[in-house]
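For reference, the structure discussed in these notes is given below.
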Amino acid sequence: MSDKPAPKRSQPEQQAPPVLRLRIRYAKRGRLRFTSHRDFSRAFERALSRARVPMAYSSGFNPHPRISYAGASPTGAASEAEYLEIGLAEIVDPEVVRRELDASLPDGLDLLEVVPSAGGSLADRLEASVWEITVTGVDATTLASGVERLLATDEVPVERMTKKGLRRFDARASIMSLEARACGESSGDGRTCAILTVVLRHGTPSVRPDDVLAALRDITGISAGPAALAQRLAQGPLDPRSGTVGDPLSPDRDAAG
Numbered sequence: 001m002s003d004k005p006a007p008k009r010s011q012p013e014q015q016a017p018p019v020l021r022l023r024i025r026y027a028k029r030g031r032l033r034f035t036s037h038r039d040f041s042r043a044f045e046r047a048l049s050r051a052r053v054p055m056a057y058s059s060g061f062n063p064h065p066r067i068s069y070a071g072a073s074p075t076g077a078a079s080e081a082e083y084l085e086i087g088l089a090e091i092v093d094p095e096v097v098r099r100e101l102d103a104s105l106p107d108g109l110d111l112l113e114v115v116p117s118a119g120g121s122l123a124d125r126l127e128a129s130v131w132e133i134t135v136t137g138v139d140a141t142t143l144a145s146g147v148e149r150l151l152a153t154d155e156v157p158v159e160r161m162t163k164k165g166l167r168r169f170d171a172r173a174s175i176m177s178l179e180a181r182a183c184g185e186s187s188g189d190g191r192t193c194a195i196l197t198v199v200l201r202h203g204t205p206s207v208r209p210d211d212v213l214a215a216l217r218d219i220t221g222i223s224a225g226p227a228a229l230a231q232r233l234a235q236g237p238l239d240p241r242s243g244t245v246g247d248p249l250s251p252d253r254d255a256a257g
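Numbering-wise, the numbering used here puts 97 at position 97 of the sequence shown, and it's gapless, one number per residue.
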């Protein structure tokens, strides 16, 4: 048996820090709302390669492109307000990056805005979301009555399977506002249609649109059925006085001049 010491593993090359960070707002539309976060991240990294974006990479034995995802929507939900940040190794025009990346992504995954980062944490700005939930088989009057009952209730526990197993949490505490309205005479298949607009404060675990529907069902017996469609309209800082959700990229846009 050899007494020679095992060769030391060489240290990995240290990568230079990014010279520019870009913050990106993108949308998930149509059938692409069924794209999981993992599927999107793979598609996005392929798009970065095709668009030849000069990415900065992490250090270590397995360098990976510097991408930070924040507040991703659940699979099956459409969204007009998804956000991420990338670190670049070169100074580039943000609009060129937006145009080239958008052309490299599948239709339905659409880049809406790219701005240079002004610093700070993007994730910390994502305090709440505005969701629109379209339900069929329920008229707006019935739904509005149910909303009134739900808002008058102090606590509504719901259950959801998470990565850590079955979790039970209060859905009501995250609901900042909730309204119901008609969406027309009927849905495309002739059934009655109504729309819920809800502002949800983010937390752990985050309350999702399906949790709101579960809370409504538990309190009132109103069932939205399996065809409910959720769409995130906005995501950003929450004004606790007005209950409105702001634009998380405003500080970056203002700093860019």
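Using N, Cα and C, we set each Cβ at its ideal position, and we do this for glycine too.
Given the structure is predicted, the values throughout are model-derived calculations rather than measurements.
Contact under 8 Å by Cβ, residue i with residue j
i      : j      : result
Ala78  : Arg23  : no
Ala215 : Val156 : yes
Arg149 : Thr220 : yes
Asp98  : Glu80  : Looking at the sequence provided, one finds Arg at residue 98 rather than Asp. It is not a contact, given that the beta carbons lie outside the stated cut-off.
Ala180 : Ala194 : yes
Met55  : Arg66  : yes
Arg208 : Pro74  : yes
Thr162 : Ile222 : no
Asp218 : Val158 : yes
Top-ranked residue by Cα proximity to residue i, from the options
i      : options                        : result
Ser250 : Glu148, Leu122, Arg167         : Leu122
Tyr69  : Arg25, Ser174, Pro63, Pro237   : Arg25
Ala47  : Glu95, Ser36, Ala103, Ser73    : Ala103
Arg167 : Thr153, Cys183, Thr197, Ser206 : Ser206
Ser177 : Lys163, Leu229, Leu238         : Leu238
Asp139 : Gly60, Ala182, Leu196, Pro106  : Ala182
Ala256 : Pro116, Thr141, Val53          : Pro116
heavy atom of the ligand NAD below 7 Å from residue i C-beta
i      : result
Leu238 : Within the structure as shown, the ligand NAD is missing, as the structure has no ligands at all.
Beta-bridge partners of residue i, as assigned by DSSP
i      : result
Phe169 : Val158
Glu179 : Thr197
Gln244 : Note on residue identity: the sequence assigns Thr, not Gln, to residue 244. Partner(s): Asp239.
Ser104 : For Ser104, which the question treats as bridged, DSSP gives no partner whatsoever.
Val114 : Ile24
Own chain partners of residue i with C-beta closer than 6 Å, once the 5 adjacent residues on each side are dropped
i      : result
Val130 : Val199, Leu233, Ala234, Val245
Val212 : Val198
Ala227 : Thr136
Other residues of its chain near residue i: CB distance less than 8 Å, five sequence neighbours each side excluded
i      : result
Ser186 : With a pLDDT of only 47 at Ser186, under 50, the local geometry of the prediction cannot be trusted, and the value read off the model is given with reservation. Taken in chain order, the residues that qualify are Thr192, Cys193.
Val19  : Ala56, Leu88, Ala89, Glu90, Ile91
Ala51  : Val97, Glu100, Leu101, Ala103, Ser104
Burial state of residue i (16 or more Cβ within 10 Å)
i      : result
Ser49  : exposed
Arg125 : buried
Gln14  : exposed
Leu84  : buried
Glu127 : buried
Phe40  : buried
Glu95  : exposed
Pro248 : buried
Gly71  : buried
Pro106 : exposed
Own chain residues within Cβ distance below 7 Å of residue i, not counting five before or after
i      : result
Gly76  : Arg33, Phe34
Ile175 : Val198, Leu200, Val212
Within-8 Å CB hit, residue i to chain D
i      : result
Asp210 : Looking at the structure shown, chain D is missing, and only one protein chain is on hand.
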